Amino acid sequence: MDVDAHLWEDGRADFIAEVSNQLKDKITCLQCGTCTGSCPVAFAMDYPPRDIIRMLQTGEREKALASDTIWVCSFCNTCYTRCPGGVNIPEIMTVLKNTAMREGASPEKKERNFYRAFAKTLEEHGRLFEPELGLRYGLSIGVGRVISDLPLGIEMLRHGKLPILPHRIKNPGKVSKMMTRIKEAEGE
Ligand code: SF4
Ligand code: SF4
96 MDVDAHLWED
106 GRADFIAEVS
116 NQLKDKITCL
126 QCGTCTGSCP
136 VAFAMDYPPR
146 DIIRMLQTGE
156 REKALASDTI
166 WVCSFCNTCY
176 TRCPGGVNIP
186 EIMTVLKNTA
196 MREGASPEKK
206 ERNFYRAFAK
216 TLEEHGRLFE
226 PELGLRYGLS
236 IGVGRVISDL
246 PLGIEMLRHG
256 KLPILPHRIK
266 NPGKVSKMMT
276 RIKEAEGE
C-alpha cells in the first residue's frame, strides 16, 4: 500500500488503508479517467469510478459508502483491464458494498430500480439503449438525480461514448417475451 505521509497525519489515509488492506493489489491511481471513460454504466452512477477512487484518496468514506455507484457497478472488469495503474476497481466496489452492508445500508431499492429500468429498456428495443436506461433509472430515484447526471451524459454523448438513437434488433418481441418469463419466474 502506497500512502503519502501527510495523509496519515490528518487522518485521510485511514479510508484507503481500510480498503487496500482487503485487496490483493495496491491502489496506485493516477486519476487519468480511463476507468470512467470505459465504464459502460457510468451514466447511471452518481459518481463515476474515478471519483470513487478519488474519495478513497481523500478519505471521503461516508460519501463513497452512500453512493449509488457501488450498487450500479456490473463488475464487468473493463476498467480494471484498461487501468494503467492496475487498480482493481470491481474488487474495490465489492469491498465498499460489503462495508456499506455491514454498516446497515439497504441497497435493495436501488438495485431493484436499476434492474427494472434495465429490463424495461431491453423490452423496448431488444438491446440496451444507455441514455434511456440512465433516464429511467434516474427518474426512479428523483428528478434531482436526472438533473445532476445531465452534464456527464452530455459529455459522454459529445465524445461518442453513448449512442444518440437506439439500435433496435429485428424482433424485439422475442426479447420482450423472454423478459416477461424472467419477471414471472422472479415473481415481479
Ligand atoms: S483508470 Fe486507473 S489510474 Fe486511471 S483514474 Fe481510473 S483507477 Fe485511476
Ligand atoms: S467493473 Fe464496474 S466500474 Fe468498472 S467498468 Fe465495469 S461497471 Fe464500470
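In my numbering, the protein residues as written are 96 to 283. Cβ coordinates follow ideal geometry from the N, Cα and C atoms, glycine included. From a predicted model like this one, the values you see are computed outputs, not experimental measurements.
Quick check: what's the CA-CA separation for residue i versus residue j?
| i | j | result |
| --- | --- | --- |
| residue 131 | residue 211 | 24 Å |
| residue 113 | residue 148 | 13 Å |
| residue 234 | residue 241 | 6 Å |
| residue 191 | residue 165 | 7 Å |
| residue 224 | residue 159 | 27 Å |
| residue 181 | residue 227 | 32 Å |
| residue 163 | residue 173 | 19 Å |
| residue 217 | residue 108 | 42 Å |
| residue 271 | residue 215 | 9 Å |
| residue 140 | residue 168 | 8 Å |
| residue 195 | residue 155 | 14 Å |
| residue 111 | residue 266 | 48 Å |
| residue 121 | residue 115 | 6 Å |
| residue 249 | residue 128 | 17 Å |
| residue 247 | residue 177 | 20 Å |
| residue 207 | residue 200 | 14 Å |
What span of residues does the alpha helix (DSSP H) with residue i cover, start to end?
| i | result |
| --- | --- |
| residue 120 | Per DSSP, residue 120 belongs to no alpha helix (DSSP H) and is neither H nor E. |
| residue 152 | 144 to 153 |
| residue 140 | That residue, residue 140, is in no alpha helix (DSSP H); it is neither H nor E in DSSP. |
| residue 158 | 156 to 160 |
| residue 239 | 238 to 253 |
| residue 263 | It is not in any alpha helix (DSSP H) - residue 263 carries neither H nor E in the DSSP assignment. |
| residue 174 | 173 to 177 |
| residue 167 | 164 to 167 |
Less than 7 Å between C-beta atoms, sequence neighbours within five positions excluded: which residues of the same chain meet that for residue i?
| i | result |
| --- | --- |
| residue 263 | 220, 221 |
| residue 126 | 145, 149 |
| residue 171 | 135 |
| residue 231 | 212, 215, 216 |
| residue 197 | none |
Looking only at its own chain, which residues have a Cβ that is under 6 Å from the Cβ of residue i, when we skip the five neighbours before and after it?
| i | result |
| --- | --- |
| residue 117 | 190 |
| residue 236 | none |
| residue 143 | 131, 137 |
| residue 261 | 220, 224 |
Skipping 5 residues on each side, what residues in its chain have a beta carbon closer than 8 Å to that of residue i?
| i | result |
| --- | --- |
| residue 187 | 114, 118, 122, 147, 148, 151 |
For residue i and chain C, any beta-carbon pair shorter than 8 Å?
| i | result |
| --- | --- |
| residue 206 | No chain C is part of this structure, which consists of one protein chain only. |
Go through the stretch 181 to 219 residue by residue and report every complete run of the alpha helix (DSSP H) that reaches 4 residues or more, in order. Within the stretch 181 to 219, the complete alpha helix (DSSP H) segments of 4 residues or longer fall at 184 to 197, listed in chain order.
Any residue whose CB is nearer than 7 Å to a heavy atom belonging to ligand 2, listed in chain order: Cβ atoms closer than 7 Å to ligand 2 belong to 130, 133, 134, 135, 136, 137, 144, 168, 169, 170, 171, 172, 173, 174, 175, 184, 185, 188.
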